[in-house]
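To start, the structure under review is shown below, and the notes come after it.
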Amino acid sequence: MSGGHSHDHGAGAAGTGDHRRRLAIVLGITTTVLVVEIIGALVSGSLALLADAGHMLTDAAGLTIALIAANLALRPATPTRTWGYRRAEVLGATLQAAVLLAVGVFVFVEGIRRLFEPPEVGSTAMVVFGVIGLAGNLISMLVLTRGRGANVNMRAAFLEVVNDALGSVAVLLAALIIALTGWLQADAVVSLLIALLIIPRTLKLLRETVSVLLEGTPPGLDLDEVRTHLLAQPHVLDVHDLHASQITSELPVLTAHVVIDESCFQDGHAPRVLDQLQSCLVGHFPVSVEHSTIQLEPASHAGHEHPAHQ
Numbered sequence: 001m002s003g004g005h006s007h008d009h010g011a012g013a014a015g016t017g018d019h020r021r022r023l024a025i026v027l028g029i030t031t032t033v034l035v036v037e038i039i040g041a042l043v044s045g046s047l048a049l050l051a052d053a054g055h056m057l058t059d060a061a062g063l064t065i066a067l068i069a070a071n072l073a074l075r076p077a078t079p080t081r082t083w084g085y086r087r088a089e090v091l092g093a094t095l096q097a098a099v100l101l102a103v104g105v106f107v108f109v110e111g112i113r114r115l116f117e118p119p120e121v122g123s124t125a126m127v128v129f130g131v132i133g134l135a136g137n138l139i140s141m142l143v144l145t146r147g148r149g150a151n152v153n154m155r156a157a158f159l160e161v162v163n164d165a166l167g168s169v170a171v172l173l174a175a176l177i178i179a180l181t182g183w184l185q186a187d188a189v190v191s192l193l194i195a196l197l198i199i200p201r202t203l204k205l206l207r208e209t210v211s212v213l214l215e216g217t218p219p220g221l222d223l224d225e226v227r228t229h230l231l232a233q234p235h236v237l238d239v240h241d242l243h244a245s246q247i248t249s250e251l252p253v254l255t256a257h258v259v260i261d262e263s264c265f266q267d268g269h270a271p272r273v274l275d276q277l278q279s280c281l282v283g284h285f286p287v288s289v290e291h292s293t294i295q296l297e298p299a300s301h302a303g304h305e306h307p308a309h310q
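Heads up, the sequence shown is in the UniProt record's numbering, so the first residue is 1 and it goes up one at a time.
So, in structure tokens, the structure goes:
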């Protein structure tokens, strides 16, 4: 006997629609600022401004991926894709993180080179285009603020915009230093700071998304604790073949084989045991597992258990 909870995802679809609108607005702002910053980098010769423009380029690509993923996530399940395209969100965020990591490494290497060979930089142009970039970033942050915790895709988009805003502030700081002191290496130093802002946060996001793709246990869900709690329920004799993973960042799933008293199958008590077990998974742990599949077995089934299920 097995079972799973069924839920109406209409509210989630509405939320995804709101996320798509936010992503589309931010994509338009980001693309505009990207073009402006590229022009500014060419005019001023600033690596810091070019680094910020490169970051904006990855943001534009990442937001496009996020928008596509958000649309794919709404496509219904089919017999060949039983979860639909829900995991497109995770694939999109992984691709964003990988591209952003490459940009961070490039900027870091180029920044080190420019520490020793600093080119001439136009500080006035850096200020003008840096202010434009910062204004665009702040507007984008406001647009994404309410939806940033919805899923890993939205978090990735918000993270990139925040990094861009910090990068724009750093560009303005470098321009001020160059204008007041003439120290051209300030441009390279700021570029390195931007790279250091990009790389650690990107690695963290990449670890999270790769964990989902590798069917890792959802963060905050201790399977040893789950097993102990299920074993403590009335009529439960054993729990084995226990697995938990995530389809997307907000959709954890769990499967288990649970051995219960033989009498539960004889007196019709098994369905109530199943309800109790699934209720525990929804409300007892820090991570609420609403999608669970539990196979109830009598103790006599042990002799027929496949070795892979031990």
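Glycine included, each C-beta is placed from N, C-alpha and C at the ideal position.
If the five residues before and after Thr-209 are omitted, its C-beta is found closer than 7 Å to the C-beta atoms of Val-90, Ala-93, Thr-94, Ala-97 and Val-152, all from its own chain and listed in chain order.
Sequence-distant Cβ neighbours of Val-121 in its own chain, meaning closer than 7 Å and more than five residues away, are Ser-44, Gly-45, Ser-46, Ile-178, Leu-184 and Asp-187.
Restricting attention to Val-109, Arg-87, Val-35 and Ile-68, the CA atom closest to the CA of Leu-196 is found in Val-109. Contact between Glu-215 and Ser-245 holds, with the beta-carbon distance rounding to 4 Å and staying under 8 Å.
Boundaries for Leu-251: no alpha helix (DSSP H) harbours it, while the beta strand (DSSP E) harbouring it runs 251-260, taken from the DSSP string. Note on the stretch 40-111: whole alpha helix (DSSP H) runs with a minimum of 4 residues are 47-72, in chain order. Within the DSSP secondary-structure output, Glu-297 pairs in a beta bridge with Val-259. In this structure Ala-125 does not touch Gly-182 by the C-beta definition: roughly 16 Å separates them, more than the 8 Å allowed.
Considering only Ser-279, Leu-277, Leu-213 and Ser-292, the residue with the shortest C-alpha distance to His-243 is Ser-292. Straight through space, the alpha carbons of Lys-204 and Val-128 are spaced by roughly 33 Å. Put simply, the backbone Cα of Asp-238 is about 10 Å away from that of Thr-228.
In this chain, the beta strand (DSSP E) harbouring Ser-245 covers 236-248.
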